[in-house]
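Structure, as structure tokens:
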Amino acid sequence: MGTENDTKKEFDEAYLQGNIVWGEWYTQAHTDLKNYLGDQWSAQDKLYLKNQDRNVFVFNKIKRAVELVDGYQRKNVLSLRIQAMEQSDDEIIAMMQDKTASQFSSIVMFLMQYSGGYNILNDCFAGALKTALNFLRLYVDYTDDMVNGDIKFMRCAYNQIMVDPYFSHRDFSDCQYILFREFITKEEGMALFPKNAGPIEKMTALDADSKFVYLKTEKDLMGDPKLRFDEFFKRTVKPIHIIVDKETGDYEEFTGTKKSLEEALRDSGMGERFQIINRYKPTVEHNVWLNDELMYSGPEAFGLDDFPYIPIFAYFDPEYDSMKWKLQSYVRCMLDPQKEVNKRRSQITDITDSQINSGWQAEEGSQVDPDALYGSGQGKVLWHKIGKQPAQKIEATNVPAGLFQVIQMIDKDIMEIPGGNSEMFGAPEHDNMEISGILSKLRTGAGLTILQPIFDNLRFAKKLLGQKLVKLIQKNYSPQKVKKIIKEEPTPEFYSKDFGKYDCVPCEGILTDTQKQMYFTQLLFMKRSFPDCPIPWDVILEAAPMENKDKVIERIKQAEAAQQKTEQMQMAMQMLEMKLRNAQLGTEIATAQEKIAESQKNRAIALDEHMQGVKKMQQMDTQQLKDLMGIMQMLETWLEPKLDNAVPKEPNIATGGQPGGILPSILSQGGSAGSQAEEPVKIISMPSATVSQRKRIKRTKR
3 MGTENDTKKE
13 FDEAYLQGNI
23 VWGEWYTQAH
33 TDLKNYLGDQ
43 WSAQDKLYLK
53 NQDRNVFVFN
63 KIKRAVELVD
73 GYQRKNVLSL
83 RIQAMEQSDD
93 EIIAMMQDKT
103 ASQFSSIVMF
113 LMQYSGGYNI
123 LNDCFAGALK
133 TALNFLRLYV
143 DYTDDMVNGD
153 IKFMRCAYNQ
163 IMVDPYFSHR
173 DFSDCQYILF
183 REFITKEEGM
193 ALFPKNAGPI
203 EKMTALDADS
213 KFVYLKTEKD
223 LMGDPKLRFD
233 EFFKRTVKPI
243 HIIVDKETGD
253 YEEFTGTKKS
263 LEEALRDSGM
273 GERFQIINRY
283 KPTVEHNVWL
293 NDELMYSGPE
303 AFGLDDFPYI
313 PIFAYFDPEY
323 DSMKWKLQSY
333 VRCMLDPQKE
343 VNKRRSQITD
353 ITDSQINSGW
363 QAEEGSQVDP
373 DALYGSGQGK
383 VLWHKIGKQP
393 AQKIEATNVP
403 AGLFQVIQMI
413 DKDIMEIPGG
423 NSEMFGAPEH
433 DNMEISGILS
443 KLRTGAGLTI
453 LQPIFDNLRF
463 AKKLLGQKLV
473 KLIQKNYSPQ
483 KVKKIIKEEP
493 TPEFYSKDFG
503 KYDCVPCEGI
513 LTDTQKQMYF
523 TQLLFMKRSF
533 PDCPIPWDVI
543 LEAAPMENKD
553 KVIERIKQAE
563 AAQQKTEQMQ
573 MAMQMLEMKL
583 RNAQLGTEIA
593 TAQEKIAESQ
603 KNRAIALDEH
613 MQGVKKMQQM
623 DTQQLKDLMG
633 IMQMLETWLE
643 PKLDNAVPKE
653 PNIATGGQPG
663 GILPSILSQG
673 GSAGSQAEEP
683 VKIISMPSAT
693 VSQRKRIKRT
703 KR
């Protein structure tokens, strides 16, 4: 940090450098603002019209188009909230992050409402539409709270600020300096610098210099001069000491001297575990002059350690080399159509006024009362001398019909060139009042889509504002002040330097007056989006910002109690029916089990009989088995040749003696001659056998 003269010299050099690049843009921004306000004729055109005794008409179409976008933003403004980022796997840490983010969100909402942050932000947005660039300034006011101060907001117009012309990032991270000027009264100066109240009281207004030529507020409304207030913010670096834990890798900045740090580590006996590293940290140097007298020089006055300005752009294309064109307002593309509208309308008016609808031509002395001719209406009286030829009237031409069509076309261009359409004003094209509401809404949305870059710039500015508010709150608000605002103690993580960088992110939400209304809106959104969400209505109504909600909650509780009683009765009936079904099912199961047991018993008896048969088979004589096999072979021999053509016949008793022959007796007695006569004879239908076949059977038997 240099001396006072060196700092002032840097201020002058920075302005000279910036003005070379920004000069044309300031002129164009001033022109854009003039056209929005209605000062749309150049000085040369005004003089030309005055010399021809013609009126200077202004048919301001630009104001309507700008107010449309500005009004839409004000009607649909979103709140600024602080939300926790990716949460930790540890439930306790995750809950702490959510709690801390909720506390910051409550304070930010309080500041935006208490200090009029949303109104000032909307004013900055409107200023950017008109001039391409405005700034929202953060500062701490110690008027009401002389210890902690109150964070407040201020709008800075385009003609109050000069920034580094070589910046290219919207967050001003590559901007090297910012110059600011305004004019204040002596009372305001003494309030800002009470230690210098005496010298400030003796100050007189300075003559205008060549800086900030479009800032014309050197005097108040009564004509009394004001004091010049200048600020100079410059990026620089400062040496810092960082303590690094070799075991864990954690590090922290040490604000004291290196000597005191080394002594503390040596006394603690932990010097080998920690390491001291010297680094340079980016910072911002802040200088303030009042009537060219240096009032403050040092770090950024409010502990932000960064520029306290948030830029709000309309259109910004940093890759172009001319500042006049790469930074444009919403008004810029409407200047030429607006100029043509004024000219064509003025021509139509002049043509209409130049026509003489009626009048008199009279000779001097021909009338007793010449003044009577002047009372004949709006016409004119043309006098000519006695004996002279009267003046001839020049017939005025009619207004060309094509001129009206040109005006309509230009009017349409003024709206469509910047990206609007007639539906955005609530008026359909071609006077078609029966146009579909859905189609109209889609066309309105399409028009707003073209303007999305402007709204994105505002959204980005809000994000920067949230980040800087978190840092300002941590730097200036004590735990006692935080408790007054949020009605609870701040969490241990509230003052962590890394919280604003790693654990939270500014975002937008539905705008409400208090955090309680925000909580109610969130509950209602959850209930509508997820009908099965187990959030009772009494909880939602307790958070509702409505009058006499106690009666509504009581009625709801009574209805829920009656419904719960009905549900209990239904549950009891269902339980009874379930018990009956279970009893019936038990009976059916028992019957089925009995049948299964009976079936298993029958299967056991059958199995036993089968085993007895197998046992008898095993006890049969081997010879008997051989005889039985022979009989089976013989039976097959009989059947094979006659299987296709033989026709079964009744047994012939005359040829074979007894019916059935010997085979049934053998099969029934199992080869025992003694039991043959005792067993009943079983008749088997067989084909007739020859004599030789019967003899062979007898031999087989023997």
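Each step along the sequence shown adds one to the number in the working numbering, with nothing skipped, and position 148 is 150. Idealized CB from N, CA, C, for every residue including glycine. This structure is a prediction, so every number in the text was calculated from the model and none was measured.
TODO: Look at the alpha carbon of Gly225 and the alpha carbon of Thr219, and state the distance between them as a whole number of angstroms.
DONE: 10 Å
Task: Cys158, DSSP secondary structure in three states - done: Strand, per DSSP.
Open item on the list: Suppose you measure from the CA of Asn459 to the CA of Ile558; what does that come to, to the nearest Å?
Closed with: 46 Å
Task: Stretch pair the region 40-52 + the region 273-281: three plus CB contacts closer than 8 Å - done: no
Open item on the list: Need the endpoints of the beta strand (DSSP E) that Met297 sits in, please.
Closed with: Glu295 to Pro301
Open item on the list: Rounding to the nearest angstrom, what Cα-Cα distance links Tyr504 and Ala574 in this structure?
Closed with: 54 Å
Task: Where Tyr332 falls: helix, strand or coil (DSSP) - done: coil
Task: Spatial distance of Val484 from Glu6 (CA atoms) - done: 38 Å
- [ ] Pick out whichever of Asp146, Leu82 and Asp147 has its Cα sitting closest to the Cα of Gln115.
- [x] Gln115 has its Cα closest to that of Leu82, out of Asp146, Leu82 and Asp147.
- [ ] May I ask you to check if the CB of Lys341 is nearer than 7 Å to at least one heavy atom of the ligand MN?
- [x] Absent from the structure shown: the ligand MN. Ligands present: none.
Task: Exposure of Lys283, with buried meaning 16 or more beta-carbon neighbours within 10 Å - done: exposed
Task: Selection from Glu233, Leu80 and Phe137 that minimises the alpha carbon distance to Ile512 - done: Leu80
Task: Cut-off 8 Å between Cβ atoms - residues of its own chain near Asp72, not counting five sequence neighbours on either side - done: Asn124, Phe127, Ala128 and Leu131
Open item on the list: Is the separation between the beta-carbon of Cys506 and that of Ala103 shorter than 8 Å?
Closed with: Yes, the Cβ-Cβ distance between Cys506 and Ala103 is below 8 Å.
Open item on the list: Give me, in chain order, the residues of the same chain whose beta-carbon lies closer than 8 Å to that of Pro227; leave out the 5 immediate sequence neighbours on both sides.
Closed with: Thr206, Ala207, Glu220 and Lys221
- [ ] For Ser494, count neighbouring C-beta atoms within 10 Å of its own C-beta (all shown protein chains included) and say buried if the count is 16 or more, exposed if not.
- [x] First, the residue type needs correcting, since residue 494 is Pro and not Ser in the sequence shown. Per the 10 Å Cβ criterion, exposed.
Open item on the list: My output table needs one value for Cys177: the three-state DSSP class, helix, strand or coil.
Closed with: DSSP places Cys177 in coil when its eight states are reduced to three.
TODO: Assess, as a yes-or-no matter, whether the region 463-475 is touched by the region 303-313 under the definition of 3 or more beta carbon pairs within less than 8 Å.
DONE: A contact exists between the region 303-313 and the region 463-475.
Open item on the list: Could you give the first and the last residue of the continuous beta strand (DSSP E) run that contains Arg172?
Closed with: Neither: Arg172 is in no beta strand (DSSP E) and is coded neither H nor E.
- [ ] Identify every residue that forms a DSSP beta bridge with Thr285.
- [x] Thr238
- [ ] Decide if Pro339 is buried, meaning its Cβ has at least 16 other Cβ atoms within 10 Å, or exposed.
- [x] buried
Open item on the list: Since Phe155 and Leu135 should fall inside the 8 Å C-beta cutoff, what is the C-beta to C-beta distance between them, to a whole number of angstroms?
Closed with: 17 Å between Cβ atoms; not a contact.
- [ ] Output yes or no for whether 8 Å exceeds the beta carbon distance between Thr354 and Phe59.
- [x] Contact annotation: Thr354 and Phe59 have beta-carbon atoms that are not nearer than 8 Å.
TODO: Go to Gln85, then tell me how far its beta strand (DSSP E) extends in each direction, as first and last residue.
DONE: Leu80 to Ala86
- [ ] Using beta-carbon positions only, say whether Thr285 and Lys240 come within less than 8 Å of one another.
- [x] Yes, Cβ-Cβ distance for Thr285 and Lys240 is below 8 Å.
- [ ] Output the distance between the C-alpha atoms of Arg281 and Val246, rounded to the nearest integer angstrom.
- [x] 12 Å
- [ ] Whole angstroms is fine: what's the gap from Ile312's alpha carbon to Phe501's?
- [x] Those two C-alpha atoms are separated by around 21 Å.
- [ ] Give a yes or no on contact between the region 194-202 and the region 245-263, applying the rule of three or more CB pairs nearer than 8 Å.
- [x] no
Open item on the list: For the alpha helix (DSSP H) containing Leu466, name the first residue and the last one.
Closed with: Gln454 to Asn478
TODO: Starting from the C-beta of Ile64, find all residues in its chain whose C-beta is less than 6 Å away, skip the five residues before and the five after it, and write them out in chain order.
DONE: Asn37, Tyr38, Val333, Met336 and Gln340
- [ ] Kindly indicate the opening and closing residues of the beta strand (DSSP E) around Ile64.
- [x] No beta strand (DSSP E) holds Ile64; the alpha helix (DSSP H) holding it covers Ile64 to Lys77.
Open item on the list: Using 8 Å for Cβ pairs, my map puts Leu292 next to Phe234. What's the rounded Cβ distance?
Closed with: For Leu292 against Phe234, the beta-carbon gap comes to about 13 Å, at or over 8 Å, which does not count as contact.
Task: Check whether Tyr479 and Lys213 have beta carbons under 8 Å apart - done: no
TODO: Would you mind stating whether Gly20 and Asp166 have Cβ atoms separated by less than 8 Å?
DONE: Taking 8 Å as the Cβ cut-off, Gly20 and Asp166 qualify as a contacting pair.
- [ ] Compare the C-alpha of Ser262 against each of Thr250, Ile278 and Glu249 and name the closest.
- [x] Ranking Thr250, Ile278 and Glu249 by Cα distance to Ser262 puts Ile278 first.
Open item on the list: I need the boundaries of the alpha helix (DSSP H) containing Phe112, first residue and last residue.
Closed with: Glu93 to Tyr116
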